[in-house]
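All remarks here apply to the structure that follows.
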Amino acid sequence: MTTPLKTLVIGNGGREHALARALSLDPGVAEVHAAPGNPGIAGVASLHDVDPLDPASVAALAQRLAVDLVVVGPEAPLVAGVADAVREAGIACFGPSGEAAQLEGSKAFAKEVMAAAGVPTAAARVCTTPEEAAAALDEFGAPYVVKDDGLAAGKGVVVTTDRAEALAHAGQCERVVIEEYLDGPEVSLFAITDGSTVYPLQPAQDFKRIFDGDEGPNTGGMGAYTPLDWAPEGLVDEVLRTVLQPTVDEMARRGTPFAGLLYAGLALTSRGTRVVEFNARFGDPETQPLMALLDSPLAPLLLGAATRTLHEVEPPRWKPGAALAVVLASGGYPETSSTGDVISGLADAEAVDGVHVIHAGTARDGADVVTAGGRVLAVTAVGPSLAAARSAAYAGVERIGFDGAQHRTDIALAAERGEISA
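When the sequence shown is numbered by full-length UniProt numbering, its final residue is 422 and no position is left out of the sequence of numbers.
Below, the structure written as structure tokens:
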């Protein structure tokens, strides 16, 4: 790229802060804008007020700012067709079309695509009545896996040995996908694609449950780390060959090419690698450590995907060492979230060597930064080893305070101790 890019990031969470920060560090980027953004993003981008679910408003903002590239962060705007509207306005957009985003927007659609592409995944049944749900639960047995077919902000999945709880969750959803349980550790593998070329990123692992030891209800993610030294050799090549490329090829065959970020949630089971789910955007909080460890400039990869020229861009490179993010959540999360609590210690945390703090659910109240969501911050650290990154991240966590703050103390602990294997 010869002319520096003007970029616009859509969203207001931790993923968007991590992406905006990475773009701000890219020497090929002249300007970073974000809408609506948050107080952390304001440190690396110019903020603009827009409804991210309004395709026309996003496209109009992109035109007014004369940006070269729009990066859509969250899943809901993608499903709403924001990327389509931006492209129709003649501006490159990183993110799949509304049709292609159904890979995340409908778990039933994703299962259909996987079946057509021969992608290994859990056996599943799509259910619309209590009777169908009860029959599927009995067919697969415990542990029961019940997924809301639509978007649920990372909290639409219940995994339980309690049949009544599984039935109750199914009853709250219009349509559910009930699956066989997949054993083994879970891995997140992201891939940047322009609809034909596919570049996988480093594998990462996130932690969905609210409490230490993977106890309590599912959340949007309480922490993540990369790389996974314990993962099988050749895992990325295997998943590219058996999952990512076949899925991208099948979407193209259907006339709905998938260009953007394809996220494969994987289970490394005793019977081989299986897909747990697809997402149509960068995952949160895995994006935080991945962006911290990315050694390539981010903009050429995103622009290549947006303009169907990814094959002309070098594959992503990675810094040595490890990166880890620990999420600080508000009181009551994930059932509720306390807002308006004053946050202290942000500058102190960032004074720790290797640490930067990603804002996820924050707002300004006068001179104060306050809580404004369930997942409030992701304290992210890089280090020469996983142990060093972990130590730095938790040192940062200890310097931050707000009423009701909660975090897990065991992010990547098993990996650091060598207690995890595939």
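Beta carbons: idealized from backbone N, C-alpha and C, even for Gly.
All figures in this text were calculated on a predicted structure; none of them were measured in a lab.
| Query | Result |
| --- | --- |
| Take every Cβ of the region 188-198, pair it with every Cβ of the region 234-245, and state whether three or more of those distances are shorter than 8 Å. | yes |
| Buried or exposed: which applies to LYS107, given that a residue is buried once 16 or more other Cβ atoms fall within 10 Å of its Cβ? | buried |
| I need the DSSP call for GLU286, collapsed to helix, strand or coil. | coil |
| Does the Cβ-Cβ distance between ALA280 and LEU103 come in under 7 Å? | yes |
| Going straight from the alpha carbon of VAL72 to that of CYS93, what length do you get? | 7 Å |
| Restricting to Cα atoms, I'd like to know which of ARG375, ASP365, TYR333, GLY361 is closest to GLY37. | GLY361 |
| For ARG408, count neighbouring Cβ atoms within 10 angstroms of its own Cβ and tell me buried if that reaches 16, exposed if not. | buried |
| If you follow the alpha helix (DSSP H) that TYR263 is in, where does it begin and where does it stop? | Element bounds for TYR263: not the alpha helix (DSSP H) but the beta strand (DSSP E), 260-269. |
| Give the secondary structure of MET1 by DSSP, where H, G and I count as helix, E and B as strand, and everything else as coil. | Confidence at MET1 is low in this model, with a pLDDT of 46, below 50, so the placement of that residue should be treated as unreliable; the coordinate-derived value is given next. Correct three-state label for MET1: coil. |
| Would you mind listing the beta strand (DSSP E) stretches within the region 285-341 that are 3+ residues and don't spill past its ends, in chain order? | 322-329 |
| Is the CB-CB distance between ALA325 and GLY223 below 7 Å? | yes |
| Determine the closest residue to THR87 out of LEU386, GLN63, VAL239, GLU398, with distance taken between C-alpha atoms. | The question names Thr, yet the displayed sequence has Arg at residue 87. The shortest C-alpha separation from ARG87 is found at GLN63. |
| Nearest to VAL382 by CA position, among ALA292, VAL9, SER270, is which residue? | ALA292 |
| Count the other C-beta atoms from every protein chain shown that fall within 10 angstroms of the C-beta of GLN202, then say buried if there are 16 or more, exposed otherwise. | buried |
| Distance check for LEU328 and ASP403, CA to CA, integer angstroms please. | 11 Å |
| Quick check on the DSSP output: what are the complete beta strand (DSSP E) runs of length 3 or more inside the region 164-206, in order along the chain? | 176-179, 186-193, 198-200 |
| Taking the alpha carbon of HIS33 as the reference point, which residue from VAL67, LYS319, GLY340 has its own alpha carbon closest? | VAL67 |
| Count the other CB atoms within 10 Å of the CB of ASP26; is the residue buried (16 or more) or exposed (fewer)? | buried |
| For ALA92, which three-state DSSP category applies? | strand |
| Mark SER421 as exposed unless 16 or more other C-beta atoms lie within 10 angstroms of its C-beta, in which case mark it buried. | exposed |
| What separation, rounded to the nearest whole angstrom, lies between the Cα atoms of GLU174 and ALA133? | 11 Å |
| Short of 8 Å in beta carbon distance, which residues of its chain neighbour PRO130, apart from the five on each side in sequence? Order them along the chain. | LEU167, ALA170, GLY171 |
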